[in-house]
Amino acid sequence: MSKLVFIERDGTRREVEAPDGLSVMEVAHLHGIDLEGACEGSLACATCHVIVDAAWFDKLNPASENEEDMLDMAFGVTATSRLGCQIRMCEEFSGLTVTLPPKEED
Ligand code: FES
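Written as structure tokens, this is what we have:
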């Protein structure tokens, strides 16, 4: 099974199992990681925003225009930001590392 690494807001590194076909957001929920996903993957919120490790960013399928538009509304966006619900896990992405962005109220 593939692995997915989350860097939590306090810097804790959590390596978790990521069943193929699940999105990064769904994998976070499976393991109780504090990543929202208010619209459950229908590209209507941006609360599933994650910052992808630079070494991985170019390996992912590029973001769609709708995703880019939604990301514009996310807090703390960086050059390697993506929406967690739009990245689907597969073997090729095993080891993918994403950081949870700061929360607006922090
Ligand atoms: Fe709403 Fe990803 S869960 S855009």
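Count along the sequence shown starting at 1, add 10, and that's the number in this note's numbering. A virtual CB, placed ideally from N, CA and C, is assigned to each residue, including glycine.
- If only uninterrupted beta strand (DSSP E) runs of at least 3 residues are considered, those enclosed by the segment 31 to 75 are 59 to 62.
- Partner residues in the beta bridge of LEU106, as assigned by DSSP, are LEU14.
- Taking a 10 Å sphere around the C-beta of GLY31, we find fewer than 16 other C-beta atoms and assign the residue as exposed.
- By the neighbour-count criterion, in which 16 or more other beta carbons inside 10 Å mark a residue as buried, ARG19 falls on the exposed side.
- Here DSSP, grouped into helix, strand and coil, assigns GLU78 to helix.
- Per DSSP, VAL87 lies in no beta strand (DSSP E) segment and is marked neither H nor E.
- The segment 40 to 52 makes no contact with the segment 64 to 74; the number of CB pairs closer than 8 angstroms stays below 3.
- As computed with DSSP, ARG98 is found in a beta bridge with SER33.
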